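Engineer: First residue of the sequence shown: 5, per the working numbering; consecutive thereafter.
Note that beta-carbon positions come from the ideal geometry of N, C-alpha and C, so glycine has one too.
Here the structure is a predicted model, which is why all the values come from computation and not from measurement.
Would you mind keeping the following structure in view while I ask a few things?
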Amino acid sequence: MTIPFLMGRRRYERLRVDLIFFLVNCTVLGLAACLIRVMMLPAEEEQLLLGGLRHALSWSHGKLLSTEVSLEEKRATGFNVFTDPAPSEIRGFSASLRDLIQAVEHLRSTYPDTPSLHRCFRIANGIAALPALTTPLMKIMTGCEVLLRECYEWERNASRGTSILSHMTKLSSFVLRWRRLELHCWSQVFTAKREEWEMKSGMRWFWLCDLIEGGGFDDG
Numbered sequence: 005m006t007i008p009f010l011m012g013r014r015r016y017e018r019l020r021v022d023l024i025f026f027l028v029n030c031t032v033l034g035l036a037a038c039l040i041r042v043m044m045l046p047a048e049e050e051q052l053l054l055g056g057l058r059h060a061l062s063w064s065h066g067k068l069l070s071t072e073v074s075l076e077e078k079r080a081t082g083f084n085v086f087t088d089p090a091p092s093e094i095r096g097f098s099a100s101l102r103d104l105i106q107a108v109e110h111l112r113s114t115y116p117d118t119p120s121l122h123r124c125f126r127i128a129n130g131i132a133a134l135p136a137l138t139t140p141l142m143k144i145m146t147g148c149e150v151l152l153r154e155c156y157e158w159e160r161n162a163s164r165g166t167s168i169l170s171h172m173t174k175l176s177s178f179v180l181r182w183r184r185l186e187l188h189c190w191s192q193v194f195t196a197k198r199e200e201w202e203m204k205s206g207m208r209w210f211w212l213c214d215l216i217e218g219g220g221f222d223d224g
């Protein structure tokens, strides 16, 4: 991509990093940072970069709001639960996670000396901070399972008025679906691992050829 004539390289690179930051993290904070930087530019440069920002917004909006597909469709597309992100799966999960965080925050204000609530809040916020467009589904699923175990520590001694069981049930339904997805797409995991080893062996073949050609082996 050609750097605009009137824009210095350093300024251009800084703005390009802002756009990449937004795409990777896909958060309101990232968008705000981009817009503030762009609005501080001269009019010509502002119009130039706003076009790229609009494209970024359109792309990320389509990813985040894509509809959930069936397990069979996921398998047909070669989905790898260990390495591939799944924004369509995370959309509904994020709403349930947000509800749990709000419930735990309310309980923390009432029972500030309860370690299990503090652990639940910390783990839940850690999961919520993961970028939906780049985080593998397995990482989110594993984090959710750890969160549910911590929630159980609170729930087993909670009264009806302080129960978070309804929130736990919603999150458990996502984990169950994702574990089923893992089983449906297990063959793709082996396929991806085989391709990885084929790539590594191919690179070793070139290294071996170089070794033979330049190693000074005598024909006699």
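For L134, I'd like the list of residues in its chain whose CB is within less than 8 Å of its CB, leaving aside the five on either flank, ordered along the chain.
Structural biologist: Your numbering for residue 134 matches position 130 in the sequence shown. Once the five neighbours on either side are set aside, the close Cβ partners of L134 are K143, I144 and G147.
Engineer: Count the other CB atoms, across all protein chains shown, that sit within 10 Å of the CB of Q106; report buried if there are 16 or more and exposed otherwise.
Structural biologist: Within the sequence shown, numbered from 1, the residue matching residue 106 stands at position 102. It counts as exposed.
Engineer: Which two residues bound the contiguous alpha helix (DSSP H) that contains Y156?
Structural biologist: Taking the first residue of the sequence shown as position 1, residue 156 is located at position 152. Residues L141 to E159.
Engineer: Kindly identify the DSSP beta-bridge partner or partners of P89.
Structural biologist: In the sequence shown, residue 89 corresponds to position 85, counting from 1. Per DSSP, P140.
Engineer: So, helix, strand or coil for S163, using DSSP?
Structural biologist: Working through the sequence shown from its first residue, we reach residue 163 at position 159. In the structure shown, S163 sits in coil (DSSP, three-state: anything other than H, G, I, E or B).
Engineer: Return the chain-ordered list of same chain residues with a C-beta closer than 7 Å to the C-beta of E159, the five sequence neighbours on each side being excluded.
Structural biologist: As a position in the sequence shown, residue 159 is number 155, starting the count at 1. So the qualifying residues of the chain are S167, I168, L169 and M172.
Engineer: Distance check for L185 and S120, CA to CA, integer angstroms please.
Structural biologist: Here residue 120 refers to the residue found at position 116 when the sequence shown is read from its first residue. Here residue 185 refers to the residue found at position 181 when the sequence shown is read from its first residue. Rounded to the nearest angstrom, the two C-alpha atoms are 30 Å apart.
Engineer: Would L101 pass as a contact of A136 if the rule is Cβ separation under 9 Å?
Structural biologist: Indexing the sequence shown from 1 puts residue 101 at position 97. Indexing the sequence shown from 1 puts residue 136 at position 132. Not closer than 9 Å, so no.
Engineer: Which residue marks the beginning of the alpha helix (DSSP H) containing F125, and which one marks its end?
Structural biologist: As a position in the sequence shown, residue 125 is number 121, starting the count at 1. Element bounds for F125: P119 to A132.
Engineer: For the alpha helix (DSSP H) holding F83, just list the boundary residues, first then last.
Structural biologist: As a working note, residue 83 is residue 79 in the sequence shown. First-last for F83: undefined, no H or E at that position.
Engineer: Do L141 and E93 have their C-beta atoms closer together than 9 Å?
Structural biologist: Against the sequence shown, residue 141 aligns to sequence position 137. Against the sequence shown, residue 93 aligns to sequence position 89. Yes, the pair counts as a contact, with Cβ atoms nearer than the cut-off.
Engineer: DSSP on C213, reduced to helix/strand/coil?
Structural biologist: Counting from 1 along the sequence shown, the entry for residue 213 is found at position 209. Here C213 sits in helix by DSSP.
Engineer: Might you give, ordered along the chain, the residues of its own chain that have their beta carbon closer than 6 Å to the beta carbon of T139, omitting 5 neighbours on each side?
Structural biologist: On the sequence shown, residue 139 is found 135 positions in, with the first residue counted as 1. Cβ neighbours of T139 beyond the five flanking positions: P89.
Engineer: Taking 9 Å as the threshold (C-beta atoms), are E149 and R123 in contact?
Structural biologist: As a first step, residue 123 is located in the sequence shown; it is residue number 119 there, counting from the start. As a first step, residue 149 is located in the sequence shown; it is residue number 145 there, counting from the start. No; because the gap between Cβ atoms is not below 9 Å, this pair is not in contact.
Engineer: Taking C-beta to C-beta, are F97 and R112 nearer than 9 Å?
Structural biologist: Your numbering for residue 97 matches position 93 in the sequence shown. Your numbering for residue 112 matches position 108 in the sequence shown. No.
Engineer: Is DSSP giving I168 helix, strand or coil here?
Structural biologist: One-based indexing of the sequence shown puts residue 168 at position 164. Looking at I168 - three-state DSSP - the assignment turns out to be coil, as it is neither helix nor strand.
Engineer: Residues in its own chain within less than 8 Å of L212 by CB, not counting five upstream and five downstream?
Structural biologist: One-based indexing of the sequence shown puts residue 212 at position 208. Hits under 8 Å: none found.
Engineer: Give the straight-line distance between the Cα atoms of A109 and S177, rounded to the nearest whole angstrom.
Structural biologist: Your numbering for residue 109 matches position 105 in the sequence shown. Your numbering for residue 177 matches position 173 in the sequence shown. Inspection of the sequence shows that residue 109 is occupied by Glu rather than by Ala. In a straight line, the C-alpha of E109 is about 22 Å away from that of S177.
Engineer: Roughly how many whole angstroms lie between the Cα atoms of V248 and V179?
Structural biologist: What the structure shows of the chain is the stretch from 5 to 224, and residue 248 is not part of that stretch, so it cannot be assessed.
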